[in-house]
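S.K.: For the sequence shown, numbering that gives the first Met the number 0 assigns the number 490 to the last residue and increments by one with no breaks.
First the structure, which I've put down as structure tokens, then a few questions once you've had a look.
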Amino acid sequence: MGRKLENREFTSADFEAFNQRIHQQADRLKSAITQPNFGQQPPSLGAEIEIYLLDSHGEVNPVNQQLIDLLGDNQFQTELNQYNLELNLSPVPAQGTPFSAMVLEMLDKYQKLLGAARQLDVKPLAIGTLPTMREEKLTGEYMTREGRYRALSRELLRRRGQQFEIRINGDESLNFTTPEIVVEGANTSMQVHLTAKPEEFADVFNASQLTLAMSVAMGANSGVFMHKCLWDETRVALFKQSIDSRIHKDGSWRPPSRVTFGKGWVRKSAWEVFAETVNLYDPILPQLFDEDPAVDPPVLAELNLHMGTTWPWNRAIYDHHGNGHLRVEQRALPAGPSAIDMAANAAFAVGMISGLKENVDEYLARLPFDYAEYNFYRAAKQSLNASILWPQKYQNKPVEVAITSAVDEMLRIANDGLSQLGVELSERDKFLNIIHRRLVTGVNGAIWTKKTYQHYKKSYSDEKACQLMLERYYEHQYAGEPVAHWEQLWR
0 MGRKLENREF TSADFEAFNQ RIHQQADRLK SAITQPNFGQ QPPSLGAEIE
50 IYLLDSHGEV NPVNQQLIDL LGDNQFQTEL NQYNLELNLS PVPAQGTPFS
100 AMVLEMLDKY QKLLGAARQL DVKPLAIGTL PTMREEKLTG EYMTREGRYR
150 ALSRELLRRR GQQFEIRING DESLNFTTPE IVVEGANTSM QVHLTAKPEE
200 FADVFNASQL TLAMSVAMGA NSGVFMHKCL WDETRVALFK QSIDSRIHKD
250 GSWRPPSRVT FGKGWVRKSA WEVFAETVNL YDPILPQLFD EDPAVDPPVL
300 AELNLHMGTT WPWNRAIYDH HGNGHLRVEQ RALPAGPSAI DMAANAAFAV
350 GMISGLKENV DEYLARLPFD YAEYNFYRAA KQSLNASILW PQKYQNKPVE
400 VAITSAVDEM LRIANDGLSQ LGVELSERDK FLNIIHRRLV TGVNGAIWTK
450 KTYQHYKKSY SDEKACQLML ERYYEHQYAG EPVAHWEQLW R
């Protein structure tokens, strides 16, 4: 959804023309990805990091456009809310030391961001959900003044016809209603991209789906929101409810959610994912673009726009540049806690995918898709304390295991997978040891924030305790140590 979109009322003719165009483009994609040279380049990685902008009291500061103007760097982009922005990291080859390269670029960009932020008295912070968020900051006045956001909000609200309901039951409960989609912007993530050859895409995508629970359990960093301890990865529940335009009617079937884990394992081709999205989700932003039919591979701008109006936790991406390529975008990881933590999350996720793709069918035969979805939501709610259903040798029924046991197994597979990608031994050891340290200490970002908050609550009000916890988090984030090494005041 990076293109400039008009903020206007769309007509029925617009929707009809757009719908016809995306069906045609899904057919063109099916042909394009089978061409001999398409997507055959060596594997590469990329990432997008969403960041909160805060004032000196830890409250949101709606100055993203002013900050971007000061930065003058097109790797920083606006987000839905005026108190968020996005950093797009440069793609890097998977071979060698890709995660160290990510860390170096993050730190370089953070220094530039901090320099500009000081001029506006802004504190940039990478965290999945903001502990100090207030309901009055989740209103339309905080939406970024761009046509695509206004149009998206209008169309989702038109479909729903009533307020969005937020109901999250975790350690504590959160309940409120809102007429705005701004709540969606209260979720900040690190989106990890991995290229996949067309002939390997199904295995790569399925491996990403299969292992997503482990990625989320180890990387969870969204434990506190609006002064309440909720899910360890509250983003998963919050995001789904914040833009759910469906209305349930008794006695009728219900359309699929636009925020979804998926509908099933991919059988043969990436085309299935695109075709499913075209056929199951009505267009929201039916803007047509001029496209040169001579461009090869084709641009497929409308199809990509439509894919950007659904929010699966693993998204298929088509890119026409060069000889074209396909990517899997893993969207469930949160922003933070530190730059090296985020790179370690990416290393673990990519390693598991690469390590499993060759024999992923053996896992799929023993783990139905709905069990993988079950695992994902258990991991999002309880992270390191979750139990999941995981394939076992000689099983004759589903077997529930502690997710930490499955992660211990997957660390070895992730190491093998990174080795297959050509990642250097020292690089593998450095970043996977960060994940292993979380396993040993029982601390990830969510657990650290919850326990530190609870420690301060013994002496202070909820509001003051949350502010103090966030100050400590901010200090640790920019000190740069992995979260499992942060001071543990509750011990």
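No residue lacks a Cβ here, since even glycine has one placed at the ideal position from N, Cα and C.
Could you give the distance in angstroms between the alpha-carbon of K108 and the alpha-carbon of P123?
M.R.: Within the sequence shown, numbered from 1, the residue matching residue 108 stands at position 109. Within the sequence shown, numbered from 1, the residue matching residue 123 stands at position 124. Roughly 12 Å separates the two Cα atoms.
S.K.: Along the chain, where does the beta strand (DSSP E) containing E164 start, and where does it finish?
M.R.: Within the sequence shown, the letter at position 165 stands for residue 164. Segment F163 to N168, the beta strand (DSSP E) holding E164.
S.K.: Give the DSSP-derived three-state secondary structure of M0 in the structure shown.
M.R.: The residue given as residue 0 occupies position 1 in the sequence shown. Low per-residue confidence applies at M0: pLDDT is 47, beneath 50, and the placement is therefore not dependable enough to give any value.
S.K.: Tell me the rounded alpha-carbon separation between N80 and E199.
M.R.: Here the question's residue 80 lines up with position 81 in the sequence shown. Here the question's residue 199 lines up with position 200 in the sequence shown. C-alpha separation (whole angstroms): 37 Å.
S.K.: For N205, which three-state DSSP category applies?
M.R.: Counted from its first residue, the sequence shown places residue 205 at position 206. It is helical.
S.K.: Please report how far the alpha carbon of S188 lies from the alpha carbon of G444, in whole angstroms.
M.R.: Taking the sequence shown and counting its residues from 1, the one referred to as residue 188 is at position 189. Taking the sequence shown and counting its residues from 1, the one referred to as residue 444 is at position 445. Cα to Cα, S188 sits roughly 13 Å from G444.
S.K.: Alpha carbon to alpha carbon, how far is M0 from N303?
M.R.: In the sequence shown, the residue the question calls residue 0 occupies position 1. In the sequence shown, the residue the question calls residue 303 occupies position 304. Reliability fails at M0, whose pLDDT of 47 lies under 50, so the model's placement of it is uncertain and the value that follows must be treated cautiously. Computed Cα separation, rounded: 8 Å.
S.K.: Since K122 is in the beta strand (DSSP E), which residue starts that stretch and which ends it?
M.R.: As a first step, residue 122 must be located in the sequence shown, where it is residue number 123. Here the beta strand (DSSP E) through K122 covers K122 to L124.
S.K.: Going by DSSP in three states, V102 sits in which element: helix, strand or coil?
M.R.: Position 103 of the sequence shown, counted from the first residue, corresponds to residue 102. V102 falls in the helix class under three-state DSSP.
S.K.: Beta-carbon separation of P61 and Y141 under 7 Å?
M.R.: Residue 61 sits at position 62 when you count from the first residue of the sequence shown. Residue 141 sits at position 142 when you count from the first residue of the sequence shown. Closer than 7 Å, so yes.
S.K.: So, helix, strand or coil for H192, using DSSP?
M.R.: As a first step, residue 192 is located in the sequence shown; it is residue number 193 there, counting from the start. Three-state DSSP puts H192 in a strand.
S.K.: Taking 6 Å as the cut-off, is the CB of S55 close to at least one heavy atom of the ligand ATP?
M.R.: Annotation note on the ligand ATP: not contained in the displayed structure, which lists no ligands.
S.K.: Spatial neighbours of P367 within its chain, please: CB distance less than 8 Å, with the 5 preceding and 5 following residues excluded, ordered by chain position.
M.R.: Counting from one through the sequence shown, the residue named residue 367 turns up at place 368. So the list is empty, once near-sequence residues are dropped.
S.K.: Run through the stretch 364 to 444 for me and flag every whole alpha helix (DSSP H) of 4 or more residues, listed as ranges in chain order.
M.R.: Listed in chain order, they are 368 to 381, 402 to 419 and 424 to 440.
S.K.: Would you kindly work out how many angstroms separate the C-alpha atoms of Q391 and V398, rounded to a whole number?
M.R.: To locate residue 391, count along the sequence shown from 1; it is residue 392. To locate residue 398, count along the sequence shown from 1; it is residue 399. Cα-Cα distance, rounded: 7 Å.
S.K.: Can you look up D318 in the DSSP assignment and give me helix, strand or coil?
M.R.: On the sequence shown, position 319 is the one that residue 318 refers to. Three-state result, D318: strand.
S.K.: Inspect the beta-carbon positions of L88 and E104 and report whether they are closer than 7 Å.
M.R.: As a first step, residue 88 must be located in the sequence shown, where it is residue number 89. As a first step, residue 104 must be located in the sequence shown, where it is residue number 105. Yes, these two residues count as a Cβ contact at 7 Å.
S.K.: Does the pairing of the stretch 70 to 77 with the stretch 352 to 367 give three or more beta-carbon distances under 8 Å?
M.R.: The answer is no - the stretch 352 to 367 does not touch the stretch 70 to 77, with fewer than three Cβ pairs under 8 Å.
S.K.: Specify the secondary structure class of N18 as computed by DSSP and reduced to three states.
M.R.: Sequence index remark: in the sequence shown, residue 18 carries index 19 (1-based). The answer is helix: DSSP assigns N18 an H, G or I state.
S.K.: Among residues of its own chain, excluding the 5 on either side of Q40, which ones have a beta-carbon nearer than 8 Å to its beta-carbon?
M.R.: Along the sequence shown, read from residue 1 onward, the residue named residue 40 stands at position 41. Answer for Q40: T194, G321, N322 and H324, listed in chain order.
S.K.: Which residue from P197, N220 and A300 puts its Cα closest to that of K496?
M.R.: Residue 496 lies beyond the stretch modelled for the chain, which goes from 0 to 490, so this question has no answer here.
S.K.: Please determine, among I433, W489 and T451, the residue with the shortest C-alpha to C-alpha distance to G479.
M.R.: Position 480 of the sequence shown holds residue 479. Ranking I433, W489 and T451 by Cα distance to G479 puts I433 first.
S.K.: Check whether the stretch 289 to 301 touches the stretch 371 to 390, taking contact to mean three or more Cβ pairs, one atom from each stretch, closer than 8 Å.
M.R.: As far as the Cβ criterion goes, the stretch 289 to 301 does not touch the stretch 371 to 390, which means the pair count is below three.
S.K.: Can you tell me whether DSSP reads Q40 as helix, strand or coil?
M.R.: The residue given as residue 40 occupies position 41 in the sequence shown. The answer is coil: DSSP assigns Q40 none of H, G, I, E or B.
S.K.: Of all the options T233, V191, A401 and F273, which has the alpha carbon lying nearest to the alpha carbon of I43?
M.R.: Within the sequence shown, residue 43 is the residue found at index 44, counting from 1. Strictly speaking, residue 43 in this sequence is Ser, with Ile absent from that position. Residue V191 is the option with its Cα nearest to S43.
S.K.: Does the structure place the stretch 289 to 297 close enough to the stretch 5 to 17 that three or more beta carbon pairs sit under 8 Å?
M.R.: Taking 8 Å as the limit for Cβ pairs, the verdict is that the stretch 289 to 297 does not touch the stretch 5 to 17.
S.K.: One question on the structure: do E171 and S241 come within less than 7 Å of each other, judged by their Cβ atoms?
M.R.: The residue given as residue 171 occupies position 172 in the sequence shown. The residue given as residue 241 occupies position 242 in the sequence shown. No, the pair does not count as a contact, with Cβ atoms beyond the cut-off.
S.K.: Counting pairs of beta carbons, one from the stretch 326 to 338 and one from the stretch 480 to 487, are three or more of them closer than 8 Å?
M.R.: Contact holds: three or more Cβ-Cβ distances are below 8 Å.
S.K.: Within 8 Å, do at least three Cβ pairs link the stretch 466 to 475 to the stretch 203 to 212?
M.R.: Counting Cβ pairs under 8 Å, fewer than three are found: no touch.
S.K.: Along the chain, where does the alpha helix (DSSP H) that runs through V235 open and close?
M.R.: The residue you call residue 235 lines up with position 236 of the sequence shown. Its alpha helix (DSSP H) spans residues T233 to S241.
S.K.: Kindly indicate which three-state DSSP category E328 falls into: helix, strand or coil?
M.R.: Sequence index remark: in the sequence shown, residue 328 carries index 329 (1-based). E328: strand per DSSP, three-state reduction.
S.K.: In angstroms with no decimal places, state the Cα-to-Cα distance between L410 and F288.
M.R.: Position 411 of the sequence shown, counted from the first residue, corresponds to residue 410. Position 289 of the sequence shown, counted from the first residue, corresponds to residue 288. Taking the straight line joining both Cα atoms gives about 45 Å.
S.K.: Is A269 helix, strand or coil when you go by DSSP?
M.R.: Taking the first residue of the sequence shown as position 1, residue 269 is located at position 270. Coil at A269, not helix or strand.
S.K.: Within 10 Å of its beta-carbon, does S207 have 16 or more other beta-carbons around it, so buried, or fewer, so exposed?
M.R.: Indexing the sequence shown from 1 puts residue 207 at position 208. Burial call: buried.
S.K.: Taking L438 and D407 to be in contact with their CB atoms under 8 Å, please state how far apart those CB atoms are, rounded to whole angstroms.
M.R.: Within the sequence shown, numbered from 1, the residue matching residue 438 stands at position 439. Within the sequence shown, numbered from 1, the residue matching residue 407 stands at position 408. The pair is a contact, with the Cβ atoms about 7 Å apart (cut-off 8 Å).
S.K.: Tell me N83's beta-bridge partners as DSSP assigns them.
M.R.: Here residue 83 corresponds to residue number 84 of the sequence shown, with the count starting at 1. Y51.
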